[in-house]
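Undergrad: Those letters in the sequence shown? Residues 233 to 449, per the numbering used here, in order.
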Amino acid sequence: MSVRFSNEEFARVKQFVPIYEWGLQILMTKLNIIHEDLKNFQDNSAIDHIRSRIKAPESMAEKLHKMGLDITADNAKKHLRDIAGIRIICPFATDIYFLADILRSLPDVRIVNEKDFISKPKPSGYRSYHLIMEIPVFFSGKTEDVMVEVQIRTEAMNFWATLEHKARYKYREHIPAHLSDELVVIADKIAELDNRMFLIHEIISLINQDSLDFYDR
Ligand code: 0O2
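#1: Restricting to runs no shorter than 3 residues, where is the beta strand (DSSP E) found entirely within the segment 372 to 433?
#2: Helix, strand or coil, according to DSSP, for Phe370 in the structure here?
#3: Confirm, please, whether the CB-CB distance from Ile364 to Glu346 is below 9 Å.
#4: Determine which residues share a DSSP beta bridge with Asn345 and list them.
#5: Who pairs with Ser291 in a beta bridge, going by DSSP?
#6: In chain order, which beta strand (DSSP E) runs of at least 3 residues are fully inside the segment 304 to 340?
#7: Roughly how far, in whole angstroms, is the beta-carbon of Gln383 from the beta-carbon of Arg319, given that I think they are within contact range, below 8 Å?
#8: So, is Arg342 buried or exposed, given that buried needs 16 or more other C-beta atoms within 10 angstroms?
#9: Per DSSP, Arg283 is paired with what?
#10: Taking only three categories from DSSP, how would you classify Gly357?
#11: Helix, strand or coil, according to DSSP, for Ile350 in the structure here?
#12: Using the three-state DSSP reduction, which class does Leu301 fall into: helix, strand or coil?
#13: Return the CA-CA distance between Lys298 and Ala388, expressed in angstroms with no decimal places.
#14: Would Pro250 be called buried (16 or more neighbouring beta carbons within 10 Å of its own) or exposed?
#15: Less than 8 Å separating the Cβ of Ile367 from some heavy atom of the ligand 0O2?
#16: Could you tell me the boundaries of the alpha helix (DSSP H) in which Arg244 lies?
#17: Should Gly357 and Ala419 be called a contact, given that it needs their Cβ atoms to be closer than 9 Å?
#18: Under 8 Å by Cβ, that's how I've got Ile321 and Asn390 pegged, so tell me the actual separation to the nearest angstrom.
#19: Count the other CB atoms, across all protein chains shown, that sit within 10 Å of the CB of Ile432; report buried if there are 16 or more and exposed otherwise.
#20: Please identify the residue among Leu256, Phe242, Thr386 whose C-alpha is closest to the C-alpha of Val369.
#21: Regarding Tyr361 and the ligand 0O2, is the C-beta to nearest heavy atom distance less than 8 Å?
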């Protein structure tokens, strides 16, 4: 059964969505500057790529339904903290913590909540670092604070989360035990793979450093 906003509530959702779009644009501008700076001036590729999205009204309605709330625009604004969402994909897990530090230091932005599902994965096997950030949006005579959910993860974690999300959707949240067990095993293997790839990256960096030192002699 699909749940929806009534026509009246849907019209009210459409009225507030632009404020979230503006909040998203403000934070994306800050993140794109950080990305460009790291890449071009700091010789640091801690960010692979960044994506953003506004949650579709159908997904807002489904989430409210799951939370046992009435499907209203007021409830969406009050209870959903991921109407605006950003996903940052990093090459390595260590980059995730480096970026979270940078995000915490942004001026004009308040961190409302942080969840580290990397050091403490979800029972599903899900790994990612989540920050709920509050951005002030200034427009014609008033300011409104907008929440944006930022998810930071590696490409491998993203690969897993995308597949698991599809399985969840397909089985309407009730993934059969043999599949969910397999997904937990794969999530652990992916974490191990991320670590092993990072070690190779460190070895390569050391070799490059040694070569530079040699030429400096
Ligand atoms: P969708 O369809 O991706 O948007 P909070 O945001 O803190 O108020 P919430 O929403 O319970 O409360 O937060 P949580 O647990 O941090 O999860 C937020 C989002 O993380 C989810 O949004 C997913 O995108 C992702 N996520 C969390 N757990 C899992 C998981 O086990 N598997 C996958 N694939 N993704 C997960 P939505 O709205 O649930 O989904």
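In this text, a Cβ means the ideal position worked out from N, Cα and C, and glycines have one as well.
Model, not experiment: these values are computed from the prediction.
TA: Inspection of the coordinates gives the following:
#1: 374 to 386
#2: As a working mapping, residue 370 is identified with position 138 in the sequence shown. Of the three classes helix, strand and coil, the one that applies to Phe370 here is strand, per DSSP.
#3: On the sequence shown, position 114 is the one that residue 346 refers to. On the sequence shown, position 132 is the one that residue 364 refers to. Yes, Cβ-Cβ distance for Glu346 and Ile364 is below 9 Å.
#4: Walking along the sequence shown from the start, residue 345 turns up at place 113. Answer by DSSP bridge pairing, in chain order: Ile364.
#5: Along the sequence shown, one-based indexing puts residue 291 at 59. Partner(s): none; Ser291 has no beta bridge.
#6: 316 to 322
#7: Reading the sequence shown from its first residue, position 151 is the one you call residue 383. Reading the sequence shown from its first residue, position 87 is the one you call residue 319. Between Arg319 and Gln383 the Cβ distance is about 5 Å, and since that is below 8 Å, they are a contact.
#8: Position 110 of the sequence shown holds residue 342. Exposed: under 16 other Cβ atoms inside 10 Å.
#9: Residue mapping note: residue 283 aligns to position 51 of the sequence shown, counting from 1. BP columns for Arg283 point to Arg319.
#10: As a working mapping, residue 357 is identified with position 125 in the sequence shown. Coil.
#11: Reading the sequence shown from its first residue, position 118 is the one you call residue 350. Ile350: coil per DSSP, three-state reduction.
#12: Taking the sequence shown and counting its residues from 1, one reaches residue 301 at position 69. Looking at Leu301 - three-state DSSP - the assignment turns out to be coil, as it is neither helix nor strand.
#13: As a working mapping, residue 298 is identified with position 66 in the sequence shown. As a working mapping, residue 388 is identified with position 156 in the sequence shown. Going from the Cα of Lys298 to the Cα of Ala388 covers about 28 Å.
#14: For the purposes of this step, residue 250 is identified with residue 18 of the sequence shown, where counting begins at 1. The residue in question, Pro250, is exposed, as its Cβ has fewer than 16 Cβ neighbours within 10 Å.
#15: Residue 367 sits at position 135 when you count from the first residue of the sequence shown. No.
#16: In the sequence shown, the residue the question calls residue 244 occupies position 12. Per DSSP, Arg244 belongs to the alpha helix (DSSP H) from 239 to 272.
#17: Taking the first residue of the sequence shown as position 1, residue 357 is located at position 125. Taking the first residue of the sequence shown as position 1, residue 419 is located at position 187. Cβ atoms of Gly357 and Ala419: closer than 9 Å.
#18: In the sequence shown, residue 321 corresponds to position 89, counting from 1. In the sequence shown, residue 390 corresponds to position 158, counting from 1. About 6 Å separates the two Cβ atoms, so the contact holds.
#19: Position 200 of the sequence shown, counted from the first residue, corresponds to residue 432. Exposed, since its Cβ has fewer than 16 Cβ neighbours within 10 Å.
#20: Walking along the sequence shown from the start, residue 369 turns up at place 137. The shortest C-alpha separation from Val369 is found at Leu256.
#21: Residue mapping note: residue 361 aligns to position 129 of the sequence shown, counting from 1. Answer for Tyr361: no, Cβ out of range of the ligand 0O2.
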